[in-house]
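To keep things clear, I will list the structure first and then write my remarks on it.
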């Protein structure tokens, strides 16, 4: 199993559609899920976590969708990973150094003080990994994807979300609404 | 859950007891497990993996235990992690970029070629983490722990394993053997 799950993947993909939007065409969690062909209930849970972590804010009123809570340049990939994955260390030290048969029930200080040497190596590896994720912002990711994705697609995506937001303001019967 | 499990932790602790031993007092997997108060059957499985990965070799004959298959300076923490954990990426990209509702059944090349931008960021973080683990050898770990652990303990540990190896050469009844 991978360390970071599909929650992180889907959250990052969803957030990229919020970069650059302030008021118009704010997508709901359901819009983002349906646009990408992923589970709406799962994405809703992700947005609860992102909201709690101060990464997104929900807009007000019936047309309200989500917007980024701060500039994309100030939201790192690490912020998103931490919001979604929570406390999830690379390595959990079980302190087996204390359980040596020679110690009996009373391990000496040399076996308990400080951080176990093996744990220290893992913490350093985790630090470099987290630093790497902290160096990349949603703004960076957005610029990189914008270079790869045709302008026509970007415009079509924007229109799709605009239309969805407009639909949310209507009170037409559900099947009529859907056919807009 | 942590990315690296207790298998990695126990394997590294066990291997440290093999550093510097060539013929005398070679511990068996059971010796290493009992010395550290961990499960013998679990440690036996770890040594099967370490053996397969070319990190340890088993000695011959009834007294045979395990030795390192190459100098401790040439076995990195990453080698051990890979031997125990196997293929375990930090992030598994599910390529959701292809499933956009606008594409229908035929995603364009821009959505399929190359590595997804998000995946690329994760691969870079994983690379730095692996590099960090590759920089530390069992020899380094052994020197670091030797500085923390009293010489008297190191001598007692050596004697304990020597005695265990000697016991394996004897054919005394099991309970007499155990009381040696």
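Chains as they are written, first to last, in the working numbering: chain A, 21 to 200; chain B, 21 to 200. Ideal placement from N, C-alpha and C gives every residue a C-beta, glycine not left out. If you're wondering where the values come from, they're calculated on a predicted model, not measured in any experiment.
Give the straight-line distance between the Cα atoms of residue i and residue j, rounded to the nearest whole angstrom.
| i | j | result |
| --- | --- | --- |
| residue 129 of chain B | residue 146 of chain B | 26 Å |
| residue 46 of chain A | residue 92 of chain B | 57 Å |
| residue 162 of chain A | residue 157 of chain B | 39 Å |
| residue 153 of chain A | residue 49 of chain B | 39 Å |
| residue 38 of chain B | residue 74 of chain B | 14 Å |
| residue 44 of chain A | residue 33 of chain A | 19 Å |
| residue 118 of chain A | residue 135 of chain B | 45 Å |
| residue 192 of chain B | residue 186 of chain B | Legend: pLDDT at residue 192 of chain B = 49, less than 50; position of this residue unreliable, value from coordinates given subsequently. Answer to the nearest angstrom: the Cα atoms are 12 Å apart. |
| residue 124 of chain A | residue 35 of chain B | 22 Å |
| residue 159 of chain A | residue 94 of chain A | 8 Å |
| residue 52 of chain B | residue 85 of chain A | 58 Å |
| residue 180 of chain B | residue 67 of chain B | 20 Å |
| residue 97 of chain A | residue 89 of chain A | 15 Å |
| residue 178 of chain B | residue 184 of chain B | 10 Å |
| residue 188 of chain A | residue 126 of chain B | 29 Å |
| residue 69 of chain B | residue 172 of chain A | 52 Å |
| residue 182 of chain B | residue 176 of chain B | 10 Å |
| residue 65 of chain A | residue 21 of chain A | 21 Å |
| residue 155 of chain A | residue 144 of chain A | 17 Å |
| residue 54 of chain A | residue 151 of chain B | 39 Å |
| residue 56 of chain A | residue 105 of chain A | 21 Å |
| residue 113 of chain A | residue 114 of chain B | 30 Å |
| residue 107 of chain B | residue 107 of chain A | 23 Å |
Is residue j closer than 8 Å to residue i when the C-beta atoms are compared?
| i | j | result |
| --- | --- | --- |
| residue 71 of chain A | residue 78 of chain A | yes |
| residue 30 of chain B | residue 63 of chain B | yes |
| residue 41 of chain A | residue 87 of chain A | yes |
| residue 116 of chain B | residue 58 of chain A | yes |
| residue 110 of chain B | residue 23 of chain A | yes |
| residue 137 of chain B | residue 174 of chain A | no |
| residue 142 of chain B | residue 148 of chain A | no |
Going along chain B, which residues have a C-beta under 7 Å from residue i?
| i | result |
| --- | --- |
| residue 109 of chain A | 22 |
| residue 112 of chain A | 22 |
| residue 86 of chain A | Those within 7 Å of residue 86 of chain A in chain B number zero; the least Cβ separation is about 18 Å. |
| residue 181 of chain A | Neighbours of residue 181 of chain A on chain B: none; closest Cβ ~11 Å, over 7 Å. |
Which chain B residues sit within Cβ distance under 8 Å of residue i?
| i | result |
| --- | --- |
| residue 119 of chain A | 56, 57 and 58 |
| residue 176 of chain A | 122 |
| residue 63 of chain A | What residue 63 of chain A touches in chain B: nothing, since even the nearest Cβ is about 11 Å away. |
Using a cut-off of 7 Å between C-beta atoms, extract the partners of residue i located in chain A.
| i | result |
| --- | --- |
| residue 164 of chain B | 137 |
| residue 37 of chain B | Within chain A, no residue comes near residue 37 of chain B; the closest Cβ sits about 10 Å away, beyond 7 Å. |
| residue 156 of chain B | 141 |
| residue 67 of chain B | Near residue 67 of chain B there are no residues of chain A at all, since even the closest Cβ is about 16 Å away, more than 7 Å. |
What residues of chain A sit near residue i, judged by a beta carbon separation below 9 Å?
| i | result |
| --- | --- |
| residue 148 of chain B | 145, 148, 149, 151 and 152 |
| residue 170 of chain B | 128 and 130 |
| residue 116 of chain B | 26, 29, 30, 33, 56, 57 and 58 |
| residue 161 of chain B | 137, 138 and 141 |
Answer yes or no: does any C-beta atom of chain C fall closer than 8 Å to that of residue i?
| i | result |
| --- | --- |
| residue 46 of chain B | In the structure shown, chain C does not exist; the protein chains are A and B. |
Taking residue i as the query, report the chain B residues whose CB atoms sit under 9 Å from its CB, ordered along the chain.
| i | result |
| --- | --- |
| residue 97 of chain A | 138, 141, 142 and 145 |
Given 8 Å, three or more beta-carbon pairs between the region 116–130 of chain A and the region 150–170 of chain B: Proximity of the region 116–130 of chain A to the region 150–170 of chain B meets the contact definition, three or more beta-carbon pairs being nearer than 8 Å.
The region 96–112 of chain B touching the region 22–40 of chain B, judged by at least three CB pairs closer than 8 Å: Judged by Cβ distances under 8 Å, the region 96–112 of chain B makes contact with the region 22–40 of chain B, as three or more pairs qualify.
In chain order, each alpha helix (DSSP H) run of at least 4 residues that lies wholly inside the region 31–74 of chain A: 49–56 and 60–72
Entirely enclosed alpha helix (DSSP H) segments - the region 93–160 of chain B, minimum 4 residues: 97–105 and 137–154
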